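Shown next, in C-alpha coordinates, is the structure this report addresses.
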Amino acid sequence: MSNNAAIVEISQVAGRFRSSIVLQADNKYIDVKSILGLFTTLVGGHSYELHVHGPDADEAKQALAEVFAKHNLNITIVGE
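Going by our numbering, the first residue of the sequence shown is number 1372, and it counts up by one from there.
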(Lines of atoms letter the chains of each structure in order from A and count residues from 1; the text may use other names and numbers.)
(Lines give C-alpha, C1' and ligand atoms only; values in the text may rest on other atoms or scores of the structure.)
Protein backbone atom coordinates (compact mmCIF):
# COMPACT_ATOMS: atom_id res chain seq x y z
CA MET A 1 0.00 0.00 0.00
CA SER A 2 1.42 3.35 -1.04
CA ASN A 3 0.78 6.27 1.24
CA ASN A 4 2.70 8.86 -0.77
CA ALA A 5 -0.26 11.24 -1.03
CA ALA A 6 -1.04 10.80 2.67
CA ILE A 7 2.59 11.38 3.69
CA VAL A 8 2.89 14.57 1.66
CA GLU A 9 -0.44 15.93 2.90
CA ILE A 10 0.26 15.07 6.55
CA SER A 11 3.67 16.75 6.39
CA GLN A 12 2.25 19.85 4.67
CA VAL A 13 -0.60 20.22 7.14
CA ALA A 14 1.76 19.73 10.11
CA GLY A 15 4.12 22.34 8.68
CA ARG A 16 1.43 25.01 9.03
CA PHE A 17 1.59 24.79 12.83
CA ARG A 18 4.18 25.96 15.34
CA SER A 19 3.38 23.13 17.77
CA SER A 20 5.58 20.08 18.19
CA ILE A 21 3.86 17.19 16.39
CA VAL A 22 5.26 13.72 16.94
CA LEU A 23 3.95 10.40 15.65
CA GLN A 24 4.54 7.36 17.85
CA ALA A 25 4.62 3.98 16.16
CA ASP A 26 5.53 1.18 18.56
CA ASN A 27 8.75 2.48 20.16
CA LYS A 28 9.63 4.95 17.39
CA TYR A 29 8.95 8.67 17.56
CA ILE A 30 8.84 10.59 14.28
CA ASP A 31 8.57 14.34 13.68
CA VAL A 32 5.46 14.57 11.49
CA LYS A 33 6.97 17.55 9.66
CA SER A 34 9.68 15.20 8.32
CA ILE A 35 8.59 13.58 5.06
CA LEU A 36 11.50 11.12 5.22
CA GLY A 37 10.55 10.06 8.75
CA LEU A 38 6.98 9.47 7.66
CA PHE A 39 8.07 7.42 4.63
CA THR A 40 10.00 5.04 6.88
CA THR A 41 7.26 4.74 9.50
CA LEU A 42 3.80 5.18 8.02
CA VAL A 43 2.49 1.88 6.71
CA GLY A 44 -1.10 0.76 6.43
CA GLY A 45 -2.73 -1.39 9.05
CA HIS A 46 -0.86 -0.02 12.04
CA SER A 47 -2.26 2.21 14.72
CA TYR A 48 -0.39 5.31 15.76
CA GLU A 49 -0.40 7.86 18.52
CA LEU A 50 -0.05 11.54 17.71
CA HIS A 51 1.47 13.78 20.37
CA VAL A 52 0.84 17.49 19.84
CA HIS A 53 2.16 20.18 22.19
CA GLY A 54 2.42 23.91 21.63
CA PRO A 55 0.62 27.21 21.16
CA ASP A 56 -1.68 26.01 18.37
CA ALA A 57 -2.03 22.38 19.49
CA ASP A 58 -5.85 22.29 19.36
CA GLU A 59 -5.96 23.51 15.77
CA ALA A 60 -3.16 21.12 14.78
CA LYS A 61 -4.92 18.14 16.37
CA GLN A 62 -8.15 18.91 14.51
CA ALA A 63 -6.47 19.40 11.12
CA LEU A 64 -4.31 16.29 11.41
CA ALA A 65 -7.19 14.13 12.64
CA GLU A 66 -9.05 15.06 9.45
CA VAL A 67 -6.06 14.21 7.22
CA PHE A 68 -5.44 10.85 8.90
CA ALA A 69 -9.16 9.97 8.64
CA LYS A 70 -9.24 11.00 4.97
CA HIS A 71 -6.45 8.52 4.23
CA ASN A 72 -7.95 5.76 6.43
CA LEU A 73 -5.03 5.76 8.87
CA ASN A 74 -5.77 4.72 12.44
CA ILE A 75 -4.60 7.47 14.80
CA THR A 76 -5.08 8.18 18.48
CA ILE A 77 -4.45 11.77 19.47
CA VAL A 78 -2.87 11.97 22.91
CA GLY A 79 -3.81 14.94 25.10
CA GLU A 80 -1.44 17.20 26.94
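For each residue, glycine too, the CB sits at the ideal point set by N, CA and C.
Fair warning: this is a prediction, and the values are worked out from it, not measured in the lab.
Under the criterion of beta carbons closer than 8 Å, L1394 and T1412 qualify as touching, at roughly 7 Å.
Looking only at Y1400, I1448, Q1433 and D1397, the smallest Cα-Cα distance to V1384 is reached by Q1433.
Each of V1379, V1449 and S1391 was checked against the Cα of Y1419, and the nearest Cα belongs to V1449.
DSSP places V1403 in no beta strand (DSSP E); its state is neither H nor E. By DSSP's assignment, K1441 forms no beta bridge with any residue. Rounded to the nearest whole angstrom, the C-alpha separation of V1438 and A1396 is 17 Å.
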